[in-house]
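Visitor: First to last, the sequence lines map onto chains L and S. The first sequence begins at 1 in the working numbering and counts up by one. The second sequence begins at 166 in the working numbering and counts up by one. Here it is, the structure in full.
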Amino acid sequence: MQPDGQDQDLLSLYQSIILDHGKSPRNTGRVERHDCSSEGRNPLCGDRVTVTAALDESDILTDLKFDAKGCAISIASASMMTEAAKGLTTDEVQRISDAVRILCIEKFSGEDINGFLGETLSARLESLRALSGVRQFPTRAKCALLPWQTLMACIQGNSTASTER
Amino acid sequence: MTALAHVSPESKARKFDIASVRADFPILRRLVHEQPLTYLDTAASAQKPQSVIDVIKNQYENEYANVHRGAYWLSETLTTKYEDARESVRAFLNAKSDKEIIFTKGATESINLVASSFGRSLKVGDEIVITGLEHHSNIVPWQMLRNQCGVELKVAPVTDDGDVTLDSISKLLSPKTKLVAVAHVSNALGTVLPIKDIAKLAHDAGARILIDGCQGIVHEDVDVQDMDCDFYAFSGHKLYGPNGIGVLYGKEDILEEMPPYQGGGEMISTVTFDHSEWAELPAKFEAGTPPIVPAVGLGEAIRYVSAFDAASVSAHEKALLAYGTEQLQAVEGVTLIGTAERKTAVLSFVLEGAHPHDLATILDRCGVCVRAGHHCAQPLMDRFGVSATVRASFGLYNTQDEVDVLIEALGRAREILC
């Protein structure tokens, strides 16, 4: 019933890696001995995600977990985020987070983003590139970005985050 | 006697023919994502018939001026139309007097008007009773009032099938109860509440009753005298009218007692720096230039829906509900939320293994517009242990074929997601 173009958009939004992380998210729950935690909400749909993280004295994210109620896109984004961000410094996490925002909203190519991140961080972005399918679905970009906004709030010591701020 | 019957008792009802009804709504001819538009979000906002669109356009092109101000023909003519719209609303609700019809910008403002104005007569220890299925607009204004003046808020629980029993409301009533504020029809589930009985319970307890009629006005007969409600609030845009217009019906003697809601032009009779005197009803509650064009558009929307024989519209929507319920329940993994005996054509559901947002995105690409989310009724979602549902809601222009499109699109969604 679908013209190919429409279906292609849907298939690029719901790539197998997104569905895999959406159905079997990694690193769920809470980091027992966490240094920061933050709860993010999308007030438009009621979805929420809680991020807890442990940092060492060099500001390296040594552990990171999430707990969420949300759609496949937000769960997958959160799950891939925990894999990508663990072991990075907070500055590096900020840069990855910026890169994800660019992937989801702005019209930059993969090369532009690689240039922005540098080689080592670009490798961290790998699975997250699948999130760029939301570009064709502007209302869904908020779903992909909520976990990242929450993680950044967490690192910055804010206990809450919202897609509407 | 039905509300529709009050409007044009002599005129002959228009035969309800679905093809000609659909032809009245120009948007239904467009494509979305190269698919025919299947609009199943009427509970959020209804589409507009050509006649309403024409009335709005014509006002701006040929009739526009401010109302109640200019001593010139254009203003006088539009003032007459604005007041005619008030009379259409009065007749539609079977209110006693057009002094009882306050134009607002929407039902939310109507309820906030009551909370701000009627609410000023309440004191610490007084109680307001609502139900667990209310829209946020019939929860939050009362919470704000509670924070302001210390009234208590009591909530009648929702049953497993999405209903509220009279008994559960009755248990919350006492001499402390000053107001019962309930939905006529649940926006999220479609449940129709027995508001006439609830009004009687409220009055027996010495309380006033406010009915959030946003969905009720669209799908149920509304006769404010017969149901004996003190306030009835609704929005124009859900009744096939423009947005930016709402109505608060209030019994005249109660409105007379209430202080103004907002101050400004129109709502005064005299102003000096020492003192102002309020205008008569309904102007007392209509400060500032009112939503003139939307009000006249609402008048036309009421004329449009009133032209049909109410029973045939109701039969059409009931058939859609029955067919949709049957088809949806046959889809593997679907759980319908809200299965009360009396409900309007609303299908709120979840599909195992698929979040409502993901479903809505895929349905959209099939041309199907549904609402996915908490429907501004988060406490109700909590009651059913979900954060969101998909809601397909039907209006007079929907067809059984569109139910089939929904079901087929759900199949596609299952292929992609599950």
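Think of the CB as a built atom: it goes at the ideal place given N, C-alpha and C, for glycine as much as any other residue. Since we're looking at a predicted model, the values are computed, not measured.
Using CA coordinates, which residue listed in Val294(S), His301(S), His384(S) and Gln313(S) is at the minimum distance from Leu375(S)?
Guide: Out of Val294(S), His301(S), His384(S) and Gln313(S), Val294(S) has the C-alpha closest to the C-alpha of Leu375(S).
Visitor: Mind pulling the chain L residues with CB within less than 7 Å of Ile581(S)?
Guide: Leu10 and Tyr14
Visitor: Check each candidate in Thr120(L), Gly29(L) and Leu128(L) and name the one with the smallest Cα separation from Asp63(L).
Guide: Comparing alpha carbon positions, the residue from Thr120(L), Gly29(L) and Leu128(L) closest to Asp63(L) is Gly29(L).
Visitor: With Glu164(L) as the anchor, note down where its beta strand (DSSP E) starts and where it stops.
Guide: Per DSSP, Glu164(L) is not a residue of any beta strand (DSSP E), being assigned neither H nor E.
Visitor: Can you list the residues of chain S that Asp47(L) reaches, using a CB-CB cut of under 7 Å?
Guide: Ser552
Visitor: Assign Leu146(L) to one of two classes, buried (16 or more other C-beta atoms within 10 Å of its C-beta) or exposed (fewer than that).
Guide: With 16 or more Cβ atoms within 10 Å of its Cβ, Leu146(L) is classed as buried.
Visitor: So, helix, strand or coil for Ala53(L), using DSSP?
Guide: If DSSP states are grouped into helix, strand and coil, Ala53(L) belongs with the strands.
Visitor: Val568(S): which of Val470(S), Asp291(S) and Ala495(S) sits nearest, CA to CA?
Guide: Ala495(S)
Visitor: Counting only Cβ pairs nearer than 8 Å, list the residues of chain S close to Leu44(L).
Guide: Gly538
Visitor: State buried or exposed for Gly429(S), treating a residue as buried only when at least 16 other CB atoms are found within 10 Å of its CB.
Guide: exposed
Visitor: Using a Cβ cut-off of 7 Å, pull out every chain S residue sitting near Arg140(L), in sequence order please.
Guide: Thr526
Visitor: Any beta-carbon of chain L closer than 7 Å to the one on His520(S)?
Guide: So, interface residue.
Visitor: Please name the residue, chosen from Pro191(S), Arg251(S), Leu420(S) and Glu274(S), that lies closest to Gly462(S) on a Cα-to-Cα basis.
Guide: Arg251(S)
Visitor: I need the boundaries of the alpha helix (DSSP H) containing Asn42(L), first residue and last residue.
Guide: That residue, Asn42(L), is in no alpha helix (DSSP H); its beta strand (DSSP E) goes Cys36 to Asn42.
Visitor: Quick one: any contact between the segment 404-423 of chain S and the segment 208-215 of chain S, if contact means 3 or more CB pairs under 8 Å?
Guide: yes
Visitor: Using 8 Å for Cβ pairs, my map puts Phe399(S) next to Val389(S). What's the rounded Cβ distance?
Guide: Actually they are not in contact, since the Cβ atoms of Phe399(S) and Val389(S) sit about 11 Å apart, beyond 8 Å.
Visitor: Gln200(S) by DSSP, collapsed to three states: which one?
Guide: strand
Visitor: Would you report the Cα separation of Asp558(S) and Glu111(L), rounded to the nearest angstrom?
Guide: According to the sequence displayed, residue 558(S) carries Ser and not Asp. The straight-line gap from Cα to Cα measures roughly 45 Å.
Visitor: Residues of chain L with CB closer than 7 Å to the CB of Gln543(S), please, in chain order.
Guide: Gly46
Visitor: From the beta carbon of Ala72(L), is the nearest beta carbon of chain S less than 7 Å away?
Guide: yes
Visitor: Could you compute how far the alpha carbon of Ser74(L) sits from the alpha carbon of Ala84(L)?
Guide: 15 Å
Visitor: Assuming Gly400(S) is part of the beta strand (DSSP E), what are its boundary residues?
Guide: The question names Gly, but residue 400(S) in the sequence shown is Ser. Residues Phe396 to Ser400.
Visitor: Measuring alpha carbon to alpha carbon, tell me which residue in Met152(L), Thr139(L), Gly157(L) and Asp91(L) is nearest Cys45(L).
Guide: Thr139(L)
Visitor: Is Asp523(S) close to chain L, meaning its C-beta is less than 7 Å from at least one C-beta of that chain?
Guide: yes
Visitor: Below 8 Å on the Cβ atoms is my contact criterion, and I expect Val535(S) with Ala519(S) to pass it. Report the Cβ-Cβ distance as a whole number of Å.
Guide: Wrong, their Cβ atoms sit about 13 Å apart, outside the cutoff.
Visitor: Under the three-state reduction of DSSP, which class applies to Arg179(S): helix, strand or coil?
Guide: strand
Visitor: Could you check whether Ser282(S) and Pro459(S) sit closer than 7 Å to each other, using their CB atoms as the reference points?
Guide: no
Visitor: Take Ser275(S) as the anchor and find which of Lys341(S), Glu292(S), Asp189(S) and Tyr426(S) has the nearest alpha-carbon.
Guide: Tyr426(S)
Visitor: Are there 16 or more other CB atoms within 10 angstroms of the CB of Asp369(S), so buried, or fewer, so exposed?
Guide: exposed
Visitor: For the alpha helix (DSSP H) that contains Leu318(S), what are its first and last residues?
Guide: From DSSP, Leu318(S) is part of no alpha helix (DSSP H) but of the beta strand (DSSP E) over Glu317 to Ala321.
Visitor: Alpha carbon to alpha carbon, what distance is there between Glu228(S) and Ala448(S)?
Guide: Near 22 Å, if we compare the C-alpha coordinates of Glu228(S) and Ala448(S).
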